[in-house]
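Residue numbers (the numbering used here), protein chains in the order written: chain H, 1194 to 1369; chain Y, 1194 to 1369.
Note that the Cβ used here is the ideal one computed from N, Cα and C, for glycine as well.
In what follows, a single structure is set out as structure tokens and then discussed.
Number of protein chains: 2
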Amino acid sequence: MTKMERGLLIILTGNGKGKTTSALGQSMRAAGNGMPVCFIQFIKGSWKYGEIEAMKRFSDIIDFRVMGRGFTWKSDDLEKDRAVAAEAWEYAQTAMNSGRYRLVVLDEFTYVINYGMVDRDAVMSAIEHRPHGVHLVITGRDAPEELINVADLVTEMREVKHHYKKGIKAMRGIEF
Amino acid sequence: MTKMERGLLIILTGNGKGKTTSALGQSMRAAGNGMPVCFIQFIKGSWKYGEIEAMKRFSDIIDFRVMGRGFTWKSDDLEKDRAVAAEAWEYAQTAMNSGRYRLVVLDEFTYVINYGMVDRDAVMSAIEHRPHGVHLVITGRDAPEELINVADLVTEMREVKHHYKKGIKAMRGIEF
């Protein structure tokens, strides 16, 4: 790679909707600029039909990888959870350091950190020492303070109102 | 159209980043489900190269329209501002009522309402009486209370930290 500026660290957190969809939009924006993107999903099953189909239109420039396990990372097999998390994180590090991508998205990664599935200090070090020119987007609730401290851009998606609370069920094309 | 449920009204507001990118991601998700989308940009110039290029990949299912004028809607020609806003809003209503779209996005529409460029009561009435099966996403800062009251889902994007404040300039593929 040619000499580049330090990439940005962007955190999308909070209890509201729009974290993953925003990361998706961010990936499209980068791809539209001809920047190769690696989008890694740490929570298996959190992505639904709609976005997976849409991503196929970017298969030449966005690598989309589903890693990890189900939503809670709290199964009855902690050993296996850790092994899966370690493998996913290994993949993420390889992507960050490969020189192939200008944007790497770690979708729902905060859960993996918060459940203690990866070593927090090792994660912080890898993020801070990634090659120049690699922007990083991390999504998920409850972003750890250490991440926020070193981030360039942090947006909290705050839920003001949600129709689930009115008893309306999830709708195709909107939630999935 | 066949008999359908009432579509959702989704508001993406707040002073943080991620409102338009989230609406973009939402459009991709709908398109991935085979739902035709009409994405109307009310602030001319707010969309940059990256997303416009990316949108071209969805030209079979997402109609993307740039309406309106520059960012402030406060030019030295109020008459012209109102005329342009009226035309854009007319287009939006036609899209909502056409039966062609399952999702209509009014990007940065709150500014048009807040600057008094369109009749607020007429807007509220058109939104509430749109045909069933049409989801509506409205983005922009300072969403009016009336909109929030009738919305199904409201997310506030709250700026926690922004690198502009550290003196880092906007970067290609991230901000544009």
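Please name the residue, chosen from the options, that lies closest to residue i on a Cα-to-Cα basis.
| i | options | result |
| --- | --- | --- |
| Y/Tyr1304 | Y/Ala1344, Y/Thr1206, Y/Leu1202, Y/His1355 | Y/Thr1206 |
| Y/Glu1339 | Y/Met1317, Y/Gly1333, Y/Asp1345 | Y/Met1317 |
| Y/Ala1278 | Y/Thr1287, Y/Phe1302, Y/Arg1293, Y/Met1289 | Y/Phe1302 |
| Y/Glu1244 | H/Asn1208, H/Lys1212, H/Ala1216, H/Arg1199 | H/Ala1216 |
| H/Gly1200 | H/Thr1332, H/Pro1324, H/Glu1349, H/Arg1351 | H/Pro1324 |
| Y/Met1197 | Y/Gly1292, Y/Ala1344, Y/Gly1238, Y/Glu1280 | Y/Gly1292 |
| H/Tyr1308 | H/Gly1238, H/Arg1334, H/Leu1202 | H/Arg1334 |
| Y/His1355 | H/Glu1368, H/His1355, H/Ile1341 | H/Ile1341 |
| Y/Tyr1242 | H/Glu1272, H/Ala1223, H/His1322 | H/Ala1223 |
Alpha carbon to alpha carbon, how far is residue j from residue i? Give it in angstroms, no decimals.
| i | j | result |
| --- | --- | --- |
| Y/Met1194 | Y/Val1327 | Bear in mind that a pLDDT of 45 at Y/Met1194, under 50, signals an unreliable position, so the model cannot answer this. |
| H/Leu1329 | H/Phe1257 | 15 Å |
| Y/Met1364 | Y/Trp1240 | 14 Å |
| H/Phe1163 | Y/Gly1211 | There is no way to answer for residue 1163 of chain H, as the model of chain H reaches only from 1194 to 1369. |
| Y/Ala1315 | H/Gly1225 | 36 Å |
| Y/Val1343 | Y/Lys1237 | 27 Å |
| Y/Ile1306 | Y/Trp1282 | 10 Å |
| H/Glu1368 | Y/Glu1368 | 26 Å |
| Y/Ile1320 | H/Glu1280 | 48 Å |
| Y/Glu1246 | H/Glu1272 | 44 Å |
| Y/Asp1345 | H/Asp1345 | 32 Å |
| H/His1322 | Y/His1322 | 54 Å |
Can you check whether the CB of residue j is closer than 8 Å to the CB of residue i?
| i | j | result |
| --- | --- | --- |
| Y/Met1248 | Y/Ile1254 | no |
| Y/Ile1204 | Y/Ala1285 | no |
| Y/Thr1213 | Y/Thr1332 | yes |
| Y/Gly1218 | H/Glu1349 | no |
| H/Val1347 | Y/Val1353 | yes |
| Y/Met1228 | H/Gly1366 | yes |
| H/Arg1351 | Y/Arg1351 | yes |
| H/Met1221 | Y/Met1221 | yes |
Applying the criterion that 16 or more other CB atoms from any shown protein chain within 10 Å of the CB defines a buried residue, is residue i buried or exposed?
| i | result |
| --- | --- |
| H/Met1260 | buried |
| Y/Asp1312 | exposed |
| Y/Leu1202 | buried |
| H/Asp1270 | exposed |
For the 8 Å Cβ check, are there 3 or more pairs between the region 1290-1298 of chain H and the region 1223-1234 of chain H?
Contact holds: three or more Cβ-Cβ distances are below 8 Å.
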